[in-house]
Amino acid sequence: MKRFLKTLSLGLAVSMLLVACGSPSGGGSTGGNTTGGDKKDVAAATSAIEQKHPAKIENEGTAVADATLKVGVVSDSAFKGILHPFLYASGVDNMFLKYTMAGAFPTDPDFKLILDSDETPIKMSVDKENKVVTYKINPKFKWSNGEPVTTKDIVRTYEIIANKTYIKSSDSIRFGEDSHIIKGILDYHNGKADKISGLEVIDDANMKIHLTKMTPGVLWGGPFVSEFVNAKQFEGIAMDKIVQSDALRKNPLSYGPYYIKDIVQGEKVIFEANPYYYRGEPKIKTIEMEILPPSQQVAAIKSGKYDIVLKVSPEIFPELEKLDNINILTKKAGSMNYIAFKLGKWDEEKNEVVTDPNSKMYDLNLRKAIAYAIDMDAVSKQFYHGLSTPAKSQLSPLFPSLHNPEINGFKQDVEKAKQLLDEAGFKDVDGDGIREGKDGKPVKYTLAMMSGGEIAEPLAQYYIQQWKAIGLDVELLDGRLLDSKNFYNRVNGDDPAIDFCIAGIGFGTDPQQLAIFGKNAKFNISRYISDNLEAALDATVSKDAMNEEYRVKAYKDYEKVFMEEIPAVPILNKLDILVVNKRIKKYDWRPNVDGKPNTFKWSMIEVVAPQPIVDSKN
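Using the numbering used here, you'd call the opening residue of the sequence shown number 219 and step up by one each time.
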């Protein structure tokens with residue numbers, strides 16, 4: 219369920235956001251303000267797993283020279299092959315890139331951009347009064363061909379992201395509302411200017427970004443591009459040809475720890491160490507990263523095929539715990555699964571959501587009933603083995619101080635769900651156990667859900683049965699689970715056959731949600747906005763929100779409005795799991811260490827055996 223559409227918005231904040239709209243990893247629980255022992259039990263089980271499988275491991279042994287790191291990325295579909303850590307189009311692609319080719323903007327333990335540091339790739343300062351952000355590029359920050367990263371690279375990236383032709387040809391969702399505060403970017407986007415006036419280049423290493431207003435998102439990177447293209451590589455490439463260009467598909471330059479040496483399209487990427495990496499040349503010189511089908515996970519891990527496995531399916535967790543050749547690392551995921559109701563359409567010309575009051579799912583009581591019908595405690599236990607907890611709201615669990623304590627999500631309440639449907643006029647006219655529509659005629663509801671892993675089908679049927687128990691006739695779109703490409707195309711394209719879907723969001727470093735649920739957010743797949751919701755969203759990113767007390771209150775108010783109007787139902791917050799073979803000497807997956815940013819990178823990985831270790835029972 220993770221399609222990390224990484225960055226719905228223009229920047230770091232959304233840089234994790236390319237999640238997955240609709241994977242089996244979705245659940246359902248939200249709404250009411252009740253908690254119970256079951257939910258506490260689920261939370262306790264999750265905490266116990268975190269203690270048993272911490273986010274840092276160390277194994278004994280002497281480092282082996284000239285080893286190749288072998289990495290599997292669990293996916294039931296091939297990667298799309300848009301190989302840039304900001305321009306990528308799928309969560310699978312992001313898995314290939316995030317540890318190998320990214321790293322322009324380190325963040326502190328609170329996910330704020332690190333300012334005024336000579337140790338970062340770009341030294342950044344913020345002038346709040348004059349609404350100016352200044353960049354000074356570290357001379358050590360170089361591309362894999364040895365040339366320095368320059369301000370030309372930064373400007374070119376903005377020109378691509380904000381260009382209408384590029385957006386249309388790539389179906390990009392990165393030009394979000396939060397980025398509009400960059401002076402002149404909308405004029406450029408609308409064809410009224412051939413340059414972005416707010417990008418003031420001083421020289422190759424220094425520039426200023428002028429803003430129309432100062433918002434708290436600036437401190438988290440929300441309005442900004444988070445990774446850059448190499449301007450020389452993209453010189454002369456037409457905007458509608460960028461997605462298919464060699465610069466993206468075959469030989470993109472990198473300033474991360476690794477660069478791409480070879481590609482087997484859709485299957486495997488071979489990375490080589492970047493000798494110019496600003497943190498020092500990586501200890502492992504070669505990485506082979508390939509797609510691992512979900513059905514082959516256990517066998518591959520048990521046989522020692524990989525050193526690291528990313529995006530491991532939760533259903534195999536009990537089997538993983540039996541293996542003695544691996545370490546299992548866990549940490550709280552910066553993501554949420556949710557039910558997204560289709561309540562309107564996307565207007566491409568106006569670049570905004572248009573909500574339709576006549577849409578099938580518009581009735582608030584219907585949406586609440588769908589939420590109350592689901593036992594998410596049971597979903598967490600039965601399908602995720604303690605690796606998830608019911609989501610209390612749509613806000614990221616990475617920012618607990620912003621949560622409204624009055625909001626505790628939707629605890630299953632079947633009788634309340636039935637009552638809500640009764641009040642809304644959805645009655646069982648013919649006594650067959652299924653409710654007709656308000657007009658007394660039979661009505662079906664179509665769910666879009668993505669395939670992937672062994673639990674996808676039984677989980678989908680579990681949801682459908684729970685909705686049937688309250689009298690709703692729900693069926694899968696086309697009668698089956700959809701592969702990721704088909705799912706994304708139809709959900710993002712507002713296929714009228716879809717009434718709602720199971721989706722996922724990856725939260726970024728900025729807690730703002732304009733890029734997810736705002737009026738101008740293409741990733742707002744519910745296609746819902748209201749005056750109250752828009753006002754609440756705007757308050758979280760206002761100038762006043764630069765004040766911490768105001769900001770916290772604004773988020774609590776926004777959370778309350780969202781959970782009252784529920785354009786989407788938050789259902790699961792999960793633990794991420796990472797499988798690391800015991801030949802890896804050290805791996806540190808913690809977000810921070812002793813109140814400071816965790817500096818561990820893949821460039822530091824060492825191995826203590828010539829090949830990955832095999833399970834003793836294999």
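The beta carbon of each residue, even a glycine, is placed where N, CA and C say it ideally should be.
Just so it is clear, the structure is predicted and the values come from calculations on it, not from any experiment.
By the CB criterion at 7 angstroms, Ile789 and Met594 fall inside the cutoff. Distance from the CA of Ile300 to the CA of Lys413, rounded to the nearest whole angstrom, comes to 26 angstroms. Apart from the 5 residues on each side of it in sequence, Asn622 sits with its Cβ closer than 7 angstroms to the Cβ of Lys774, Glu777 and Lys778 in its chain, given in chain order. Counted as a single uninterrupted DSSP element, the stretch harbouring Ala285 is not any beta strand (DSSP E), since DSSP gives it neither H nor E. For the stretch 374 to 442, the full-length beta strand (DSSP E) segments reaching 3 residues or more read 417 to 419 and 424 to 428 along the chain. Separation of Gly484 and Gln451 (C-alpha to C-alpha, rounded to the nearest whole angstrom) is 23 angstroms. Closest by C-alpha distance to Arg392, out of Gly813, Val832 and Lys740, is Lys740.
Ranked by Cα distance from His271, the options Trp807, Glu824 and Gln462 are led by Trp807. Taking Thr369 as the centre and dropping the five residues before and after it, the same chain places the C-beta of Tyr353, Ile355, Val419, Ile420, Asp421, Asp422, Ala423, Asn424 and Met425 closer than 8 angstroms to its C-beta, in chain order. By the criterion of at least three beta-carbon pairs nearer than 8 angstroms, the stretch 687 to 705 is not in contact with the stretch 600 to 608.
With a cut-off of 8 angstroms on Cβ pairs, the stretch 610 to 617 is not in contact with the stretch 644 to 654, counting fewer than three such pairs. By the neighbour-count definition (other C-beta atoms within 10 Å, threshold 16), Ser669 is a buried residue. Residues Lys288, Val289, Gly290, Leu510, Ala518, Val797, Asn799 and Pro830 of the same chain have their beta carbon placed closer than 8 angstroms to that of Tyr524, with the five preceding and five following residues left out of the count. Taking 8 angstroms as the upper bound for CB-CB distance, Tyr590 and Asp657 are not in contact here, some 24 angstroms apart.
Cβ contact annotation for Met781 (same chain, cutoff 6 angstroms, sequence separation greater than five): Ser611 and Ile625, in chain order. Where Thr758 is concerned, the enclosing alpha helix (DSSP H) starts and stops at Asp749 to Thr758. By the Cβ rule, the stretch 545 to 556 counts as touching the stretch 805 to 821, because three or more pairs are nearer than 8 angstroms.
By the beta-carbon neighbour count (other beta carbons within 10 angstroms, threshold 16), Lys360 is buried.
Counting along the chain, the unbroken beta strand (DSSP E) around Gly552 starts and ends at Ile544 to Phe559.
Per DSSP, Ile588 lies in no beta strand (DSSP E); the unbroken alpha helix (DSSP H) holding it starts and ends at Leu582 to Tyr590. From the listed residues Gln462, Gly474 and Ser362, the smallest Cα separation to Ser821 is found for Gly474. If the five residues before and after Lys636 are omitted, its C-beta is found closer than 8 angstroms to the C-beta atoms of Ala587, Ile688 and Gly689, all from its own chain and listed in chain order.
Counting of Cβ neighbours within 10 angstroms places Pro714 among the exposed residues, the total staying below 16.
With respect to the C-alpha of Pro303, the residue from Tyr477, Pro366 and Val350 having the closest C-alpha is Tyr477. The Cβ atoms of Val443 and Tyr496 do not sit closer than 7 angstroms to each other. For the beta strand (DSSP E) assignment, the uninterrupted runs of no fewer than 3 residues enclosed by the stretch 687 to 766 are, from N- to C-terminal side, 691 to 694 and 718 to 724. For Glu508, the three-state secondary structure derived from DSSP is strand. The residues Tyr376, Ala380, Ser397, Ile414 and Gly416, in chain order, have a CB closer than 8 angstroms to that of Ile403 in the same chain once the five nearest residues on each side in sequence are set aside. Here Val461 has Ile300, Ser387 and Ser388 as same chain residues with Cβ atoms under 7 angstroms from its own Cβ, once five neighbours each way along the sequence are excluded. Annotation for Tyr353: the continuous beta strand (DSSP E) segment containing it runs Val350 to Ile355.
Cβ neighbours of Glu693 within its own chain (closer than 8 angstroms, five residues either side excluded): Lys662, Tyr663, Thr664, Leu665 and Ile682. Secondary structure of Val527 (DSSP, three-state): strand.
Annotation for Asn626: no beta strand (DSSP E) segment contains it, and DSSP assigns it neither H nor E. Residue burial annotation: Ser702 is buried, with at least 16 other C-beta atoms found within 10 angstroms of its C-beta.
Taking each of Gly552, Asn750, Glu566 and Pro441 in turn and checking the Cα distance to Pro809, the smallest one comes out for Gly552. When secondary structure is reduced to three states using DSSP, Trp807 falls in the coil class, being assigned neither helix nor strand.
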